[in-house]
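These protein sequences, in sequence, are chains B and L. Per this note's numbering: the first sequence = residues 1 to 489. Per this note's numbering: the second sequence = residues 1001 to 1489. See below for the structure under consideration.
2 protein chains.
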Amino acid sequence: MSSGPVPHMSPDEFREHGRRVVDWIATYWERLPTLPVLSQVSPGQVRAGLPGTPPRIGSHGSLDALMADLDEVVLPGITHWQHPGFMAYFPANASGPSVLGDLLSSGLGVQGMLWATSPACTELEQVMLDWLVDLLGLPAAFRNDGAGGGVIQDSSSGANFVALQAALHHATDGTSVTDGVSGSHIVYASSQTHSSVEKAARMAGLGSRAVRTVNVDPATLAMVPAHLAELVAADRAAGLVPAMVAATIGSTSTTAIDPVAEIGAVCRQHGVWLHIDAAFAGVAAVSPALRWINDGVADYADSYCTDAHKWLLTNFDATAFWVRDRRHLTGALSILPEYLRNQASDSGTVVDYRDWQIELGRRFRALKLWMVIGWYGADGLRAHIEGHVALAQELAGWVEADDRFEVVAPHPLSLVCLRPRWPGHEDEEADGLTMSVIESLNRSGKVFLTHTKVAGRAVIRVAIGAPATTHEHVQDVWNLIRAEVAAHS
Amino acid sequence: MSSGPVPHMSPDEFREHGRRVVDWIATYWERLPTLPVLSQVSPGQVRAGLPGTPPRIGSHGSLDALMADLDEVVLPGITHWQHPGFMAYFPANASGPSVLGDLLSSGLGVQGMLWATSPACTELEQVMLDWLVDLLGLPAAFRNDGAGGGVIQDSSSGANFVALQAALHHATDGTSVTDGVSGSHIVYASSQTHSSVEKAARMAGLGSRAVRTVNVDPATLAMVPAHLAELVAADRAAGLVPAMVAATIGSTSTTAIDPVAEIGAVCRQHGVWLHIDAAFAGVAAVSPALRWINDGVADYADSYCTDAHKWLLTNFDATAFWVRDRRHLTGALSILPEYLRNQASDSGTVVDYRDWQIELGRRFRALKLWMVIGWYGADGLRAHIEGHVALAQELAGWVEADDRFEVVAPHPLSLVCLRPRWPGHEDEEADGLTMSVIESLNRSGKVFLTHTKVAGRAVIRVAIGAPATTHEHVQDVWNLIRAEVAAHS
């Protein structure tokens, strides 16, 4: 083997190129409103713009060619989630402080799988999760100084999965770890629960058939606790083992909020693990006026997750996940090969977060949360959330005042689900027109909206929450929707 | 609700603060050699240095307080994985181009769960995974233009888990998705296989008891195919279903390399999914001289993973994962709620990577791989790998030439496992001395080494691979080890 010198980027080169990239991002944020929010490329177009094989000789010394391709090949293929007209799905907030926190994490390049592999990575995370308990008014039982604790997961999909692992450990007194699942463990969710709960049941070896669909109230789309009680009782009578109920605070489709206290009472009666998926909505509790969304959590939740990376100005990934009793979580997920043994872990005085998650490796994600909370403060985060909620309430008012439209679901937060009435059209035809309106609007490049179905009918979701979205943008979107519906009528 | 203005960081403020953070990182890299590689803090020390509650008013406008805490509270709690004396575990390479690619990803702040949510995020990833097939000499069947394909996973732990999901789908003709696992599915690994394989079996509902431990050759620590064949035959005779064999290329303990071709022949005979965990070592095949490590992969591997975030200059997380036939992977992991339906996905002309992983959400991780490959080129990456391998071979030579030491396992790559002989001491006492040597060296702040056990005996792992590690540092470590052993003798 003969190897030449390795063309590393020197610290001075990093200073130079780093400034260029920082400037590129700042300029990107400035020109966002001028870009089409939904990418207009065809399948294969980005791929076709790139070389089919990797370069033998690198560009070392220059980023020119890469930055040119970024502008010319990659950028047209980007759907701009930070665009003020992005009102699809749920937001995925970025922010300056968060980007810089993540940059520090990359530069430090440490692993936090064990306390010992970088104590600050674990301890800053513990402090940030405790701060979030405080900011969101969550129960003290979730704090790291007791039997519970918090940890950053990659997403609520992952959090829902590890919650199920803990629930199965709880339901089997730990035998799931050695003996596996028996086919008799049941998970309860509603038709409005995020698909990741069913995916978790599949991945955990239970299969979709272990997932019971609890009825929802047709008006609120919230889980019906009485039906949950019936299902749980029937399963127990049949010799099955209810393992976990997944209740949702702020469903993906319409931000429906399940009645946690009543659901919790059913869980307590039957000894079932109650997991709360508050992926999008949970962070709204940073506003004291919205803290009611978590009613029941303090008394009943065994685990809880919410995404700082959706609506709390923190780049993906940063799901906050808490458990009331960490023994079931670490019981399910801990495994200790010889090469990871160390004095600190053996002493029992530290937390090793590898035992709280699917993966072994983990980045220093607490840095971005720290930067965000430190920069905005509780008041700034609250203003961010409350501003979007106020915009959504104003939009809902406009929709309700226009008899060509209806608001189709409660809108306690920043998502408004609406439907043109399409008088004179049958349901299926009307739904086709609604979908066509969405497609036309998305092709315009001014806004990106997605749909869902409520009571079987297609509806338009207007999900407000990009940091750049202001009153003016919401007004524009409402005008665009009305004009497009008029053009389709 | 009354909300004040939201104190966002403006693009101009981001330019200013971004330059400061870039400079901080460059300076950090420059002063790395002067810092103690292993953090010397006590449990709770970092936590005690931070406020117990979040600030009500943020620092907006200034990063001064946060950067001061970074230096004074966080940094002392960092174990420096980029330090030239970091030779513990395996390396976790960062590099300038990678950090900048990740920075671009944070600034763009897009989600790649569907092709439609940012086509470039999916297509650049497909191109990068195809480039890696080329760079590493992996089989064309892994390329995205056929029945197989590649994807970035968060870590090899996650890759091993989704490989098992695909294997169970394969073993059950897809019924695992609906009916769960039956308790009859078996996974085969060796005593040297990474613990994440057993953890995957637990999380998939099989339990640890479904994991068979295949014998290893005592000299090479590689899996014994004949023993695998025996175990598989015995399980089949007992009515059990062999679902997956996990073969390792470059074990975590000693970089042992399992004989993939012979293992593959057993798998083929019995229709068992062969997954290859090449987490650390796989990227070494960027050197043509080391491409032999993948012998057998082209003919037999159903899935394969290797971490660009360990030894290929790409920040965590960036595991490259390939499958020969993607149908079993997406069959196991695809789930489609209404709110994610879109024309591009319905058309079948695009790949939606949410169906290839545990989570729904995903960052634009291909950008950092693109920056790394573009900056270094194939030749630069090869020089990086070959340089470390040469250093390790030189170290092994020094150890072998010193009769107070022995090299305890093959060292084909950049890890050398060695043991002081401790003449006159019983095994247990000798192991205690070896551990004490490691602890003393780690307390010195000059080097960080970890241990493993080989044939029941404690050994010192010297894992070379930090970008900053040079010939001089390896020489220093060898001198430090010898001096410390002399002091203990």
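Don't be surprised by glycine CBs; every beta carbon is placed ideally from N, CA and C. Values in this document were obtained by computation on a predicted structure and should not be read as measured data.
Less than 6 Å between C-beta atoms, sequence neighbours within five positions excluded: which residues of the same chain meet that for residue i?
i, result
"T1254 (chain L)", "L1221, A1409 and C1417"
"T79 (chain B)", "L38 and S39"
"G149 (chain B)", "R326"
"L1274 (chain L)", "V1245, G1264, C1267, Y1300, A1301 and D1302"
"A167 (chain B)", "A243, M244 and W273"
Within the same chain, show all residues whose beta-carbon is closer than 7 Å to that of residue i, passing over the 5 residues directly before and after it, in chain order.
i, result
"L104 (chain B)", "L367"
"A278 (chain B)", "I249, G250, Y304, C305 and T306"
"G49 (chain B)", "V73"
"A41 (chain B)", "Position check: residue 41 (chain B) holds Val in this sequence, whereas Ala was assumed. The residues are P76 and G77."
"A226 (chain B)", "none"
Could you work out which residue in the options is closest to residue i when comparing CA atoms only?
i, options, result
"V1216 (chain L)", "L:P1259, L:A1233, L:V1197 and L:V1177", "L:P1259"
"R354 (chain B)", "B:Q343, B:G112 and B:R143", "B:G112"
"S1287 (chain L)", "L:L1413, L:M1244 and L:R1341", "L:L1413"
"G250 (chain B)", "B:A237, B:N315, B:H411 and B:A92", "B:H411"
"R404 (chain B)", "B:G348, B:A383 and B:A430", "B:A430"
"H170 (chain B)", "B:F14, B:A483, B:V245 and B:T434", "B:V245"
"R1212 (chain L)", "L:P1218, L:A1233 and L:L1066", "L:A1233"
"E1230 (chain L)", "L:R1209, L:G1205 and L:H1270", "L:H1270"
"A1237 (chain L)", "L:A1219, L:G1174, L:I1186 and L:D1154", "L:I1186"
"W370 (chain B)", "B:Q126, B:A116, B:L75 and B:L32", "B:Q126"
"H1496 (chain L)", "L:G1361, L:R1457, L:V1350 and L:Q1082", "Outside the shown range of chain L, which is 1001 to 1489, sits residue 1496 (chain L), and nothing can be said about it."
"L1135 (chain L)", "L:T1470, L:E1394, L:G1432 and L:A1378", "L:A1378"
"D71 (chain B)", "B:F364, B:L35 and B:R291", "B:L35"
"S182 (chain B)", "B:S191, B:G205, B:S10 and B:W115", "B:G205"
Does residue i come out as helix, strand or coil in the three-state DSSP assignment?
i, result
"D355 (chain B)", "helix"
"F1364 (chain L)", "coil"
"Y339 (chain B)", "helix"
"M128 (chain B)", "helix"
"A468 (chain B)", "coil"
"I1078 (chain L)", "coil"
"M1223 (chain L)", "strand"
"I263 (chain B)", "helix"
"H451 (chain B)", "strand"
"Q1153 (chain L)", "strand"
"T1027 (chain L)", "helix"
"A1238 (chain L)", "coil"
Near residue i, what residues of its chain come up, given a Cβ to Cβ distance below 8 Å and the 5 sequence neighbours on each side ignored?
i, result
"L1138 (chain L)", "L1132, A1285, N1294, V1297, A1298, Y1304 and W1322"
"G374 (chain B)", "P97"
Taking 7 Å as the threshold (beta carbon to beta carbon), is residue i in contact with chain B?
i, result
"T1193 (chain L)", "no"
"K1446 (chain L)", "no"
"R1015 (chain L)", "yes"
"Y1491 (chain L)", "Absent from the model: residue 1491 (chain L). The displayed extent of chain L is 1001 to 1489, so no value can be given."
"L1360 (chain L)", "yes"
"S1208 (chain L)", "yes"
"M1435 (chain L)", "no"
"G1112 (chain L)", "no"
"P1055 (chain L)", "yes"
"I1293 (chain L)", "no"
"V1046 (chain L)", "yes"
Closest Cβ-Cβ distance between residue i and chain L: below 7 Å?
i, result
"G96 (chain B)", "yes"
"D352 (chain B)", "no"
"A204 (chain B)", "yes"
"H169 (chain B)", "no"
"I460 (chain B)", "no"
"R268 (chain B)", "no"
"H60 (chain B)", "yes"
"A26 (chain B)", "yes"
Please list the partners that residue i has in chain C, where partner means a Cβ-to-Cβ separation under 8 Å.
i, result
"E338 (chain B)", "No chain C is part of this structure, whose protein chains are labelled B and L."
Between residue i and the ligand MN, is the CB less than 6 Å from at least one heavy atom?
i, result
"W1398 (chain L)", "Looking at this structure, you won't find the ligand MN or any other ligand, since it has none at all."
Checklist entry - Of the residues that make up the stretch 210-235 of chain B, which ones have a beta carbon closer than 7 Å to any beta carbon in chain L? => result A210
Checklist entry - Listed from N- to C-terminal order along the chain, which residues in the stretch 1296-1330 of chain L have their beta-carbon within a distance smaller than 7 Å of any beta-carbon of chain B? => result N1315, F1316 and D1317
Item to check | Residues within the stretch 1139-1162 of chain L neighbouring chain B, beta-carbon criterion of under 7 Å | outcome: D1154, S1155, S1157, G1158 and F1161
Checklist entry - Name the residues in the stretch 416-431 of chain B whose C-beta lies less than 7 Å from a C-beta of chain L; which are they? => result none
Item to check | Near-chain B residues of the stretch 1461-1476 of chain L (beta-carbon distance less than 9 Å), N- to C-terminal order | outcome: R1461, P1467 and A1468
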